[in-house]
Amino acid sequence: MRQKQKDNSSSGPSFQKTATKKKNLVIGEEAKLLTQTMKMHLSHKLTLKSCIPRNLSLVTKTKSAVAEYLDSRGILRVSGEEASVFIQGLITNDMRHIEEGAPSMYTMFLNTKGRVMYDAIIYKSKEQNVFLIECDKSASPQLLKHLKMYRVRRKIDIKNIDDELKVWVIFDPQLADYNENEIDGNKPVNLSGVSDSTNTEIMTHLGNRNDLIVCRDPRLSVLGVRVLAPSGEDISLIDGKDDSSHQKYKSCYRAFRFKLGIGEGVNDLPPGNCFPLEANGDYLHGVSFHKGCYIGQELTARTHHTGVVRKRLMPLFFHSVSQTELEMNASIQPLSGSNKVSLGKLRGVEHNIGLALLRVTEALDVSKLKISDVTAETRKPSWWPQEAPKERVFAGKT
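Take any residue in the sequence shown, count from 1 to its spot, add 67: that is its number in the working numbering.
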(Lines of atoms letter the chains of each structure in order from A and count residues from 1; the text may use other names and numbers.)
(Lines give C-alpha, C1' and ligand atoms only; values in the text may rest on other atoms or scores of the structure.)
Protein backbone atom coordinates (compact mmCIF):
# COMPACT_ATOMS: atom_id res chain seq x y z
CA MET A 1 0.00 0.00 0.00
CA ARG A 2 2.85 2.38 0.86
CA GLN A 3 4.53 1.55 -2.42
CA LYS A 4 1.36 2.43 -4.32
CA GLN A 5 1.08 5.78 -2.57
CA LYS A 6 4.70 6.51 -3.34
CA ASP A 7 4.17 5.82 -7.05
CA ASN A 8 1.06 8.02 -7.20
CA SER A 9 2.97 10.93 -5.67
CA SER A 10 4.81 11.47 -8.97
CA SER A 11 1.65 12.94 -10.45
CA GLY A 12 0.77 15.12 -7.45
CA PRO A 13 1.01 18.90 -7.02
CA SER A 14 4.63 18.88 -5.77
CA PHE A 15 5.83 16.98 -8.83
CA GLN A 16 3.95 19.33 -11.17
CA LYS A 17 5.47 22.37 -9.44
CA THR A 18 8.96 20.88 -9.90
CA ALA A 19 8.28 20.21 -13.62
CA THR A 20 6.99 23.76 -14.08
CA LYS A 21 10.09 25.20 -12.39
CA LYS A 22 12.36 23.18 -14.71
CA LYS A 23 10.45 24.34 -17.79
CA ASN A 24 10.63 27.97 -16.67
CA LEU A 25 14.36 27.55 -16.04
CA VAL A 26 14.94 26.34 -19.62
CA ILE A 27 12.90 29.22 -21.07
CA GLY A 28 14.77 31.65 -18.82
CA GLU A 29 18.16 30.33 -19.96
CA GLU A 30 17.08 30.64 -23.62
CA ALA A 31 16.04 34.24 -23.01
CA LYS A 32 19.46 35.00 -21.47
CA LEU A 33 21.27 33.45 -24.46
CA LEU A 34 19.12 35.44 -26.89
CA THR A 35 19.72 38.69 -24.99
CA GLN A 36 23.49 38.14 -24.91
CA THR A 37 23.60 37.45 -28.65
CA MET A 38 21.35 40.34 -29.66
CA LYS A 39 23.33 42.88 -27.60
CA MET A 40 26.31 42.24 -29.89
CA HIS A 41 24.34 42.99 -33.05
CA LEU A 42 21.66 45.59 -32.33
CA SER A 43 24.09 48.44 -32.89
CA HIS A 44 25.49 46.85 -36.05
CA LYS A 45 25.60 49.20 -39.07
CA LEU A 46 25.45 48.06 -42.68
CA THR A 47 27.57 50.16 -45.02
CA LEU A 48 27.50 50.02 -48.81
CA LYS A 49 31.14 49.32 -49.58
CA SER A 50 33.51 47.32 -51.74
CA CYS A 51 34.37 43.83 -50.53
CA ILE A 52 37.93 42.54 -50.99
CA PRO A 53 38.75 39.37 -49.00
CA ARG A 54 42.10 39.03 -47.23
CA ASN A 55 42.79 35.45 -48.37
CA LEU A 56 41.66 34.95 -51.93
CA SER A 57 43.39 33.08 -54.74
CA LEU A 58 43.08 30.44 -57.42
CA VAL A 59 43.33 26.85 -56.22
CA THR A 60 42.16 24.86 -59.23
CA LYS A 61 42.58 24.81 -62.97
CA THR A 62 39.14 26.38 -63.22
CA LYS A 63 40.18 30.00 -63.70
CA SER A 64 37.25 31.50 -61.83
CA ALA A 65 37.48 29.28 -58.72
CA VAL A 66 38.69 31.13 -55.63
CA ALA A 67 39.40 30.27 -51.99
CA GLU A 68 38.42 32.47 -49.07
CA TYR A 69 39.06 32.11 -45.37
CA LEU A 70 35.82 32.64 -43.45
CA ASP A 71 37.05 34.36 -40.30
CA SER A 72 33.45 34.82 -39.10
CA ARG A 73 32.91 31.07 -38.71
CA GLY A 74 33.87 28.95 -35.69
CA ILE A 75 33.92 25.24 -34.81
CA LEU A 76 32.48 23.34 -31.85
CA ARG A 77 33.47 19.72 -31.22
CA VAL A 78 30.87 17.30 -29.81
CA SER A 79 32.06 13.80 -28.89
CA GLY A 80 30.76 10.75 -27.07
CA GLU A 81 28.75 7.60 -27.72
CA GLU A 82 25.47 9.50 -27.26
CA ALA A 83 26.57 12.54 -29.28
CA SER A 84 24.42 11.78 -32.33
CA VAL A 85 21.25 11.14 -30.29
CA PHE A 86 21.93 14.27 -28.24
CA ILE A 87 22.30 16.52 -31.30
CA GLN A 88 19.27 14.91 -32.96
CA GLY A 89 16.91 16.35 -30.36
CA LEU A 90 18.18 19.92 -30.80
CA ILE A 91 18.31 20.47 -34.57
CA THR A 92 15.90 20.79 -37.50
CA ASN A 93 17.67 18.22 -39.68
CA ASP A 94 18.10 14.46 -39.24
CA MET A 95 21.40 13.04 -37.95
CA ARG A 96 20.60 9.80 -39.76
CA HIS A 97 21.85 11.50 -42.94
CA ILE A 98 25.35 11.60 -41.46
CA GLU A 99 25.04 8.15 -39.89
CA GLU A 100 24.14 6.77 -43.33
CA GLY A 101 27.20 8.28 -45.02
CA ALA A 102 26.65 11.99 -45.71
CA PRO A 103 29.87 13.88 -44.87
CA SER A 104 27.99 17.01 -43.75
CA MET A 105 24.55 18.57 -43.47
CA TYR A 106 22.97 21.97 -42.97
CA THR A 107 20.72 22.58 -39.97
CA MET A 108 19.35 25.12 -37.51
CA PHE A 109 18.96 25.33 -33.75
CA LEU A 110 15.57 26.71 -32.70
CA ASN A 111 14.19 28.09 -29.47
CA THR A 112 11.05 26.72 -27.84
CA LYS A 113 8.92 29.14 -29.89
CA GLY A 114 10.20 27.69 -33.16
CA ARG A 115 12.39 30.67 -34.13
CA VAL A 116 15.94 30.35 -35.43
CA MET A 117 18.66 30.83 -32.82
CA TYR A 118 21.69 29.65 -34.82
CA ASP A 119 22.32 28.13 -38.26
CA ALA A 120 25.06 25.54 -38.58
CA ILE A 121 26.77 22.96 -40.77
CA ILE A 122 27.49 19.65 -39.03
CA TYR A 123 30.45 17.57 -40.25
CA LYS A 124 31.25 13.94 -39.64
CA SER A 125 34.73 13.82 -38.15
CA LYS A 126 37.31 11.22 -39.10
CA GLU A 127 37.19 10.14 -35.44
CA GLN A 128 34.44 7.81 -34.24
CA ASN A 129 31.49 9.40 -32.43
CA VAL A 130 32.85 12.88 -33.03
CA PHE A 131 30.94 15.66 -34.82
CA LEU A 132 32.06 19.17 -35.73
CA ILE A 133 29.54 22.00 -35.69
CA GLU A 134 30.38 25.03 -37.82
CA CYS A 135 28.56 28.14 -36.64
CA ASP A 136 28.90 31.91 -36.41
CA LYS A 137 32.05 32.55 -34.38
CA SER A 138 30.54 35.48 -32.49
CA ALA A 139 27.67 33.26 -31.31
CA SER A 140 29.71 30.12 -30.56
CA PRO A 141 29.90 30.87 -26.80
CA GLN A 142 26.09 31.11 -26.68
CA LEU A 143 25.65 27.93 -28.75
CA LEU A 144 28.17 26.15 -26.52
CA LYS A 145 26.14 27.17 -23.45
CA HIS A 146 22.92 26.12 -25.22
CA LEU A 147 24.33 22.64 -25.89
CA LYS A 148 25.63 22.21 -22.36
CA MET A 149 22.27 23.26 -20.91
CA TYR A 150 20.56 20.30 -22.63
CA ARG A 151 23.38 17.81 -22.11
CA VAL A 152 22.06 16.94 -18.61
CA ARG A 153 23.89 13.75 -17.48
CA ARG A 154 24.91 12.39 -20.87
CA LYS A 155 28.57 11.43 -21.20
CA ILE A 156 29.30 13.96 -23.91
CA ASP A 157 32.23 16.33 -24.29
CA ILE A 158 31.55 19.72 -25.90
CA LYS A 159 34.26 22.27 -26.54
CA ASN A 160 35.26 25.17 -28.76
CA ILE A 161 38.14 24.36 -31.14
CA ASP A 162 38.44 27.66 -33.02
CA ASP A 163 42.16 27.65 -32.26
CA GLU A 164 42.58 24.24 -33.92
CA LEU A 165 40.51 24.39 -37.12
CA LYS A 166 39.65 27.18 -39.56
CA VAL A 167 36.83 27.28 -42.13
CA TRP A 168 37.57 27.93 -45.80
CA VAL A 169 35.30 27.99 -48.81
CA ILE A 170 36.24 27.38 -52.45
CA PHE A 171 33.67 28.66 -54.91
CA ASP A 172 33.15 30.04 -58.40
CA PRO A 173 31.89 33.65 -58.10
CA GLN A 174 30.85 33.66 -61.76
CA LEU A 175 28.04 31.21 -60.95
CA ALA A 176 26.17 33.99 -59.13
CA ASP A 177 26.24 36.04 -62.35
CA TYR A 178 25.03 32.98 -64.24
CA ASN A 179 22.21 32.69 -61.74
CA GLU A 180 21.29 36.32 -62.43
CA ASN A 181 21.60 36.42 -66.21
CA GLU A 182 20.51 33.01 -67.48
CA ILE A 183 16.95 33.02 -66.16
CA ASP A 184 14.35 32.33 -68.84
CA GLY A 185 11.02 33.69 -67.64
CA ASN A 186 9.73 31.68 -64.72
CA LYS A 187 11.70 28.56 -65.59
CA PRO A 188 14.13 27.66 -62.77
CA VAL A 189 17.79 27.26 -63.72
CA ASN A 190 19.53 24.09 -62.60
CA LEU A 191 23.00 25.20 -61.56
CA SER A 192 24.06 21.84 -60.14
CA GLY A 193 25.53 20.61 -63.42
CA VAL A 194 27.44 23.86 -63.92
CA SER A 195 29.02 23.77 -60.46
CA ASP A 196 29.51 20.00 -60.00
CA SER A 197 32.48 19.83 -62.36
CA THR A 198 34.29 22.53 -60.40
CA ASN A 199 33.41 20.89 -57.08
CA THR A 200 34.59 17.48 -58.30
CA GLU A 201 37.93 18.95 -59.37
CA ILE A 202 38.38 20.63 -55.98
CA MET A 203 37.43 17.45 -54.10
CA THR A 204 39.93 15.44 -56.14
CA HIS A 205 42.59 18.09 -55.64
CA LEU A 206 42.27 18.24 -51.83
CA GLY A 207 40.68 14.89 -50.99
CA ASN A 208 43.98 13.08 -50.39
CA ARG A 209 44.90 15.34 -47.48
CA ASN A 210 44.31 13.50 -44.20
CA ASP A 211 44.53 16.72 -42.18
CA LEU A 212 41.66 18.37 -44.08
CA ILE A 213 37.91 17.83 -44.01
CA VAL A 214 36.65 18.58 -47.53
CA CYS A 215 32.90 18.53 -48.30
CA ARG A 216 30.55 19.88 -50.93
CA ASP A 217 28.37 22.55 -49.37
CA PRO A 218 25.30 20.58 -48.19
CA ARG A 219 22.93 23.48 -48.97
CA LEU A 220 23.52 24.01 -52.71
CA SER A 221 26.23 22.74 -55.03
CA VAL A 222 26.62 26.26 -56.44
CA LEU A 223 27.99 27.33 -53.03
CA GLY A 224 31.12 25.31 -53.73
CA VAL A 225 33.27 23.29 -51.34
CA ARG A 226 33.73 23.75 -47.60
CA VAL A 227 37.18 22.97 -46.15
CA LEU A 228 38.11 22.61 -42.47
CA ALA A 229 41.87 23.07 -42.25
CA PRO A 230 44.40 23.26 -39.39
CA SER A 231 44.69 26.80 -38.05
CA GLY A 232 48.18 27.28 -39.48
CA GLU A 233 47.21 26.13 -42.98
CA ASP A 234 46.61 28.56 -45.85
CA ILE A 235 44.91 26.49 -48.54
CA SER A 236 45.00 29.43 -50.95
CA LEU A 237 48.74 28.71 -51.33
CA ILE A 238 48.45 24.95 -51.84
CA ASP A 239 49.53 25.22 -55.48
CA GLY A 240 52.43 27.54 -54.70
CA LYS A 241 52.92 31.17 -53.75
CA ASP A 242 52.51 32.37 -57.34
CA ASP A 243 48.79 31.74 -57.10
CA SER A 244 48.40 34.31 -54.32
CA SER A 245 48.91 37.05 -56.90
CA HIS A 246 45.24 36.60 -57.75
CA GLN A 247 44.20 38.21 -54.46
CA LYS A 248 43.35 41.33 -56.43
CA TYR A 249 40.40 39.38 -57.92
CA LYS A 250 37.60 41.49 -56.46
CA SER A 251 34.98 39.15 -55.07
CA CYS A 252 33.89 37.80 -51.73
CA TYR A 253 31.80 34.95 -50.47
CA ARG A 254 29.36 37.15 -48.56
CA ALA A 255 28.45 39.15 -51.67
CA PHE A 256 28.26 35.85 -53.59
CA ARG A 257 25.76 34.48 -51.06
CA PHE A 258 23.72 37.66 -51.14
CA LYS A 259 23.39 37.46 -54.93
CA LEU A 260 21.92 34.01 -54.47
CA GLY A 261 19.68 35.15 -51.60
CA ILE A 262 21.30 32.93 -48.96
CA GLY A 263 21.82 34.00 -45.35
CA GLU A 264 24.47 32.75 -42.95
CA GLY A 265 25.28 33.68 -39.37
CA VAL A 266 23.66 35.90 -36.76
CA ASN A 267 23.89 39.11 -38.81
CA ASP A 268 21.83 37.63 -41.64
CA LEU A 269 19.66 35.55 -39.28
CA PRO A 270 19.29 37.56 -36.05
CA PRO A 271 18.55 35.10 -33.21
CA GLY A 272 14.87 34.81 -32.39
CA ASN A 273 13.75 36.99 -35.33
CA CYS A 274 12.67 34.54 -38.03
CA PHE A 275 11.39 31.04 -38.61
CA PRO A 276 13.44 28.32 -40.37
CA LEU A 277 11.26 28.30 -43.50
CA GLU A 278 11.55 32.10 -43.80
CA ALA A 279 15.33 31.59 -43.84
CA ASN A 280 14.83 29.09 -46.71
CA GLY A 281 15.85 26.21 -44.45
CA ASP A 282 13.52 23.87 -46.34
CA TYR A 283 14.91 24.88 -49.75
CA LEU A 284 18.50 24.51 -48.48
CA HIS A 285 17.99 20.93 -47.24
CA GLY A 286 18.24 22.03 -43.62
CA VAL A 287 14.87 20.87 -42.26
CA SER A 288 13.60 17.31 -41.99
CA PHE A 289 9.84 16.80 -41.85
CA HIS A 290 10.13 13.06 -41.17
CA LYS A 291 12.28 12.88 -38.03
CA GLY A 292 11.06 12.71 -34.44
CA CYS A 293 10.61 15.54 -31.97
CA TYR A 294 13.10 18.37 -31.54
CA ILE A 295 12.97 21.80 -29.93
CA GLY A 296 10.72 24.11 -31.96
CA GLN A 297 9.32 21.35 -34.19
CA GLU A 298 5.61 21.92 -33.69
CA LEU A 299 5.34 25.34 -35.34
CA THR A 300 7.81 24.38 -38.10
CA ALA A 301 5.76 21.30 -39.04
CA ARG A 302 2.49 23.22 -38.91
CA THR A 303 3.82 25.96 -41.22
CA HIS A 304 5.12 23.37 -43.67
CA HIS A 305 1.84 21.46 -43.83
CA THR A 306 -0.24 24.61 -44.39
CA GLY A 307 1.97 25.29 -47.42
CA VAL A 308 2.03 29.07 -47.00
CA VAL A 309 5.28 30.91 -46.23
CA ARG A 310 4.67 34.60 -46.84
CA LYS A 311 8.17 35.91 -46.06
CA ARG A 312 11.55 34.59 -47.21
CA LEU A 313 15.15 35.75 -47.51
CA MET A 314 15.71 37.23 -50.97
CA PRO A 315 18.49 39.13 -52.77
CA LEU A 316 18.50 42.90 -53.25
CA PHE A 317 20.17 44.61 -56.21
CA PHE A 318 20.86 48.28 -55.50
CA HIS A 319 20.66 50.72 -58.41
CA SER A 320 23.54 52.82 -57.11
CA VAL A 321 26.31 52.59 -54.54
CA SER A 322 26.61 55.27 -51.89
CA GLN A 323 28.20 55.68 -48.47
CA THR A 324 24.81 55.73 -46.78
CA GLU A 325 24.79 53.77 -43.54
CA LEU A 326 21.85 51.41 -43.34
CA GLU A 327 20.84 49.95 -40.02
CA MET A 328 20.20 46.27 -39.66
CA ASN A 329 16.43 45.63 -39.80
CA ALA A 330 15.86 48.87 -41.74
CA SER A 331 12.36 48.90 -43.22
CA ILE A 332 11.97 48.20 -46.96
CA GLN A 333 9.12 49.95 -48.76
CA PRO A 334 7.81 50.21 -52.33
CA LEU A 335 9.33 53.19 -54.15
CA SER A 336 5.89 54.54 -55.00
CA GLY A 337 2.98 54.42 -52.59
CA SER A 338 2.46 54.86 -48.89
CA ASN A 339 5.50 55.08 -46.63
CA LYS A 340 3.52 53.17 -44.04
CA VAL A 341 3.66 49.98 -46.14
CA SER A 342 6.58 47.75 -45.14
CA LEU A 343 7.58 44.87 -47.41
CA GLY A 344 10.32 43.54 -45.18
CA LYS A 345 13.56 44.10 -43.28
CA LEU A 346 17.15 44.56 -44.44
CA ARG A 347 19.58 41.88 -43.32
CA GLY A 348 22.89 42.78 -44.93
CA VAL A 349 24.74 44.77 -47.62
CA GLU A 350 27.92 44.16 -49.62
CA HIS A 351 28.80 46.77 -52.26
CA ASN A 352 25.65 46.98 -54.45
CA ILE A 353 24.17 43.64 -53.33
CA GLY A 354 21.94 43.12 -50.32
CA LEU A 355 19.94 40.49 -48.47
CA ALA A 356 16.46 41.04 -47.03
CA LEU A 357 13.57 39.20 -45.42
CA LEU A 358 10.72 40.16 -47.75
CA ARG A 359 7.04 39.48 -48.26
CA VAL A 360 7.51 37.43 -51.40
CA THR A 361 4.35 38.17 -53.38
CA GLU A 362 4.23 41.89 -52.58
CA ALA A 363 7.96 42.43 -53.22
CA LEU A 364 7.80 40.72 -56.61
CA ASP A 365 4.74 42.76 -57.56
CA VAL A 366 6.59 46.08 -57.43
CA SER A 367 9.33 47.13 -59.84
CA LYS A 368 11.43 49.11 -57.35
CA LEU A 369 12.04 49.09 -53.61
CA LYS A 370 13.24 51.83 -51.28
CA ILE A 371 15.53 51.49 -48.25
CA SER A 372 16.11 54.89 -46.67
CA ASP A 373 17.30 57.00 -49.65
CA VAL A 374 18.60 54.06 -51.68
CA THR A 375 16.57 52.25 -54.38
CA ALA A 376 16.79 48.57 -55.22
CA GLU A 377 14.94 45.67 -56.81
CA THR A 378 14.57 41.99 -56.03
CA ARG A 379 13.89 38.82 -58.00
CA LYS A 380 13.03 35.24 -57.24
CA PRO A 381 16.26 33.18 -56.93
CA SER A 382 16.52 30.68 -59.77
CA TRP A 383 17.49 27.86 -57.40
CA TRP A 384 14.15 28.01 -55.59
CA PRO A 385 12.06 24.92 -56.43
CA GLN A 386 8.89 25.22 -58.48
CA GLU A 387 5.83 25.96 -56.37
CA ALA A 388 3.75 23.10 -55.04
CA PRO A 389 0.03 23.17 -55.92
CA LYS A 390 -0.98 24.35 -52.43
CA GLU A 391 1.68 27.07 -52.23
CA ARG A 392 0.75 30.60 -53.13
CA VAL A 393 3.93 32.38 -52.07
CA PHE A 394 5.40 32.87 -55.56
CA ALA A 395 2.29 34.28 -57.18
CA GLY A 396 3.90 37.66 -57.83
CA LYS A 397 5.68 38.96 -60.88
CA THR A 398 8.90 37.15 -61.77
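Ideal placement from N, C-alpha and C gives every residue a C-beta, glycine not left out.
Check	Outcome
Could you name the residues that DSSP lists as bridge partners for T174?	A187
Going by Cα to Cα distance, which pick from V133, R220, L436 and E392 is closest to V408?	L436
Assign P448 to one of three DSSP states: helix, strand, or coil.	coil
Note down, in chain order, each residue of its chain lying with its Cβ closer than 7 Å to the Cβ of G330, except the 5 sequence neighbours on either side.	L336, A346, L380, R414 and L422
Report, in whole angstroms, the separation of the C-beta atoms of V281 and V289, which I expect to be a contact under 8 Å.	The pair is not a contact, with the Cβ atoms about 17 Å apart (cut-off 8 Å).
Could you check where the beta strand (DSSP E) with R426 kicks off and where it finishes?	I420 to R426
Quick one: what's F385 bridged to in DSSP?	A443
Rounded to the nearest angstrom, how far is the Cβ of L53 from that of L393, given a contact under 8 Å?	For the chain, the structure presents residues 68 to 465; residue 53 sits outside this window and is missing.
Buried or exposed: where does S259 fall if 16 or more other Cβ atoms within 10 Å of its Cβ makes it buried?	Low confidence applies here, because S259 scores a pLDDT of 49, under 50, leaving its location unreliable and the question unanswered by this model.
Considering just the uninterrupted stretch of the beta strand (DSSP E) at L23, what are its terminal residues?	Absent from the structure is residue 23, since the part of the chain shown begins at 68 and ends at 465.
Could you spell out where the beta strand (DSSP E) holding L344 opens and where it closes?	Unbroken run through L344: none, as it is neither H nor E.
Pairing CB atoms from the region 202-214 with CB atoms from the region 353-371, are three or more of them under 8 Å?	no
Quick check: what's the CA-CA separation for K222 versus S151?	12 Å
P401 bridges to which residues according to DSSP?	L436
Identify every residue that forms a DSSP beta bridge with S205.	None; S205 has no bridge partner.
Would you mind working out which of D230, L157 and W235 sits nearest E135, comparing C-alpha positions?	W235
Please tell me whether K412 and S398 are closer than 9 Å, where the distance is taken between their beta carbons.	yes
Residues in its own chain within less than 8 Å of K215 by CB, not counting five upstream and five downstream?	I225
Using CA atoms only, rank isn't needed, just tell me which of H386, D161, V183 and R144 is closest to F342.	V183
Per DSSP, which one or two residues make a beta bridge with G141?	C202
Taking all protein chains shown into account, decide if I195 is buried (16 or more other Cβ within 10 angstroms of its Cβ) or exposed.	Checking the displayed sequence, the identity of residue 195 turns out to be Gln instead of Ile. Flag for Q195 reads exposed.
Alpha carbon to alpha carbon, how far is G252 from S449?	Per-residue confidence for G252 stands at a pLDDT of 37, beneath the threshold of 50, marking its modelled position as unreliable; the derived number appears in the next sentence. Approximately 10 Å, taken between the alpha carbons.
Give me, in chain order, the residues of the same chain whose beta-carbon lies closer than 6 Å to that of V145; leave out the 5 immediate sequence neighbours on both sides.	F198 and I225
From V441 to L402, what distance separates their C-alpha atoms?	10 Å
Run through DSSP, which three-state label would A134 get?	strand
Could you work out which residue in K358, V292 and G348 is closest to Y190 when comparing CA atoms only?	V292
What are the residues that DSSP puts in a beta bridge with N277?	In DSSP, N277 forms no bridge with anything.
Check whether the Cβ atoms of Q241 and P338 sit closer than 9 Å, and answer yes or no.	no
Three or more C-beta pairs closer than 8 Å, one from the region 319-334 and one from the region 155-162: is that the case here?	no
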